[in-house]
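Take a look at the structure below.
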Amino acid sequence: MRVVIVTESFPPDVNGVAHCALQTARHLAARGHDPLVIAPAVAGDAEIDAPCPVVRVPSLPLPGYPQVRVALPSRRIAAAITAHRAELVHLAGPFVLGVRGMTAAARLGVPAVAVYQTDLAGYARTYVGAGEAAAWRRIRAVHSAADLTLAPSSAAANDLAEHGIPRVRLWPRGVDTVRFRPELRDEELRRRLAPNGELIVGYVGRLAPEKHVELLAGVCRLPGVRVVIVGDGPSETSLRGALPGAVFLGRSTGDDLARTFASFDVFAHTGPYETFCQTVQEAMASGVPVIAPAAGGPLDLVDHGRTGLLVTPLDADAVTAAVEELAFAPALRAAYGQAGRATVEGRTWAVVGDQLLGHYTEVLGARTAVVA
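In the working numbering, the protein residues as written are 62 to 433.
Pasting the structure below:
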């Protein structure tokens, strides 16, 4: 199968859209298919060893958030789809580049699968205090034009249905259970991060307003607790002031990130606008109990009282109370961690990648039936 993946972000970018697009390309190549990726150009000469050809479209950094690049109008999209002789176009988190990819696919008569990955309406609410209706109009336009929309969680699927988007199926995300595993717990790293033996509460993700990492301020004030922050972004400076005593490790990937995950005692996620939340799965694979808001993707991932705790979204006191509940209960933390690991062991990228191929087959079959 010849597939073109049009993605708003791709490594070396570090975010959920980029990671999922890379894993999709890897799985397609591993299963003997022929993928091609179209993505925004990255700054400088940074590139990765991709599993397939990557066509880079000119882009500019998003004002105020240079880690995010936005693709500029380009004829390369249609030309690349044509040259690849694509049988299907996969739109990863379509909003700017993906809209152009959808237009090109429609003009060329190539079926398209759109993967919903980002709560753009929530972002609009966070950054400008308005614009949710406009965001949903744009989401509805591109996803309604697709042959199939794939939602990463039950909450995301419900949001899409409520906003009139047709042909929605559930497609979750995989997790690398070989890379992320409890055995990587590193006592030397723990001594560096918490030299007095403090309980380590970790956060991993972008440091941006929509993530609301400042909700960990109360946790920073708990005696015997050390907050460790992994990630970078435009909110880093303000968060360093808001989270006294927290350790900021910056961006981390690969084996280093896996070792850090396994060395946490508790993982706390604070953002309420996650359509999935990959870091929750990575914490669970690492055998670490999770605290997350009872909203969006975490509702599917965290079994409250068995693999972690779900708390009221945007409630700093609830986050602090949840940490206190686990801080002096090592047996409970261990039980949650073990249950979390067991829960995700069947959610590998190979498993969900094959599910994606099933969705592709459904779309291609429907197109063939229409032609016949």
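We treat Cβ as the ideally placed atom computed from N, Cα and C, and that holds for glycine. As the structure is a prediction and not an experimental result, all values here were calculated from the model.
* Asked: Buried or exposed: where does N257 fall if 16 or more other Cβ atoms within 10 Å of its Cβ makes it buried?
  -> N257 counts as exposed, since fewer than 16 other beta carbons sit within 10 angstroms of its beta carbon.
* Under a Cβ-count criterion, where at least 16 other Cβ atoms within 10 Å of its own Cβ denotes burial, should F337 be classed as buried or exposed? -> Here F337 is buried, its C-beta having at least 16 other C-beta atoms within 10 Å.
* Asked: Which whole-angstrom value describes the C-beta separation of V434 and V160, a residue pair presumed to lie in contact below a C-beta threshold of 8 Å?
  -> Lying outside 62 to 433, the shown extent of the chain, residue 434 is not represented and no answer is given.
* Which whole runs of the beta strand (DSSP E) in the stretch 288–354 are 3 residues long or more, in chain order? -> Every unbroken stretch of the beta strand (DSSP E) spanning 3 or more residues and falling wholly within the stretch 288–354 is given here in chain order: 308–311, 327–329 and 351–354.
* **Boundaries of the alpha helix (DSSP H) in which D95 is found, first to last residue** => Per DSSP, D95 is not a residue of any alpha helix (DSSP H); the beta strand (DSSP E) it occupies stretches across D95 to P101.
* Asked: To the nearest angstrom, how far is it from the Cα of S347 to the Cα of L245?
  -> Between S347 and L245, the alpha-carbon positions lie close to 8 Å from each other.
* Do you know offhand how far T422's Cα is from L169's? -> One alpha carbon belongs to T422, the other to L169, and they sit about 19 Å apart.
* Asked: In chain order, which continuous runs of the beta strand (DSSP E) of length 3 or greater are located wholly inside the stretch 97–174?
  -> Whole beta strand (DSSP E) segments, 3+ residues: 115–118, 120–123, 126–132 and 149–153.
* Let me know if E343 comes out buried or exposed under the rule of 16 or more other beta-carbons within 10 Å of its beta-carbon. => Note on E343: 16 or more other CB atoms within 10 angstroms of its CB, so buried under the neighbour-count rule.
* V129 burial status per 10 Å Cβ neighbour count (16 or more: buried) -> In summary, V129 is buried, with 16 or more beta-carbon neighbours lying within 10 Å of its beta-carbon over all protein chains present.
* Across which residues does DSSP place H365 in a beta bridge pair? -> G369.
* **contact_flag[the stretch 310–320, the stretch 359–369] where n(CB pairs < 8 Å) is 3 or more** => These segments do not touch.
* Proximity test, F71 beta-carbon vs the ligand ATP heavy atom, cut-off 6 Å -> This structure does not include the ligand ATP; it has no bound ligands of any sort.
* To do: Please say whether P374 and P333 have beta carbons closer to each other than 7 Å?
  => Result yes, Cβ atoms of P333 and P374 sit closer than 7 Å.
* To do: State the Cα-Cα distance for the pair R137 and A102, rounded to the nearest angstrom.
  => C-alpha separation (whole angstroms): 12 Å.
* To do: Determine, using beta-carbon pairs with one atom in the stretch 132–148 and one in the stretch 83–90, whether at least three such pairs fall under 8 Å.
  => Here the stretch 132–148 makes no contact with the stretch 83–90; the two share fewer than three CB pairs at distances below 8 Å.
* **Selected residue, minimal CA-CA separation from V424, among E193, P172 and P124** => Measuring from the Cα of V424, the nearest candidate turns out to be P172.
* To do: Pick helix, strand or coil for A255, following the three-state DSSP scheme.
  => It is coil, neither helix nor strand.
* **Option nearest V291 by Cα separation, candidates G279, A307, K272 and V265** => Relative to V291, the option among G279, A307, K272 and V265 whose CA is nearest is V265.
* **Cut-off 7 Å between Cβ atoms - residues of its own chain near L121, not counting five sequence neighbours on either side** => In chain order, R130, V131 and L133 place their CB closer than 7 Å to the CB of L121, counting only its own chain and leaving out the 5 sequence neighbours on each side.
* To do: Compare the beta carbon distance of G263 and F328 with 7 Å and say whether it is the shorter of the two.
  => Yes, the Cβ-Cβ distance between G263 and F328 is below 7 Å.
* Asked: How is L283 classed by DSSP in three states: helix, strand or coil?
  -> In the structure shown, L283 adopts coil according to DSSP, grouped into three states.
* To do: With V64 as the anchor, note down where its beta strand (DSSP E) starts and where it stops.
  => Counted as a single uninterrupted DSSP element, the beta strand (DSSP E) harbouring V64 occupies residues R63 to T68.
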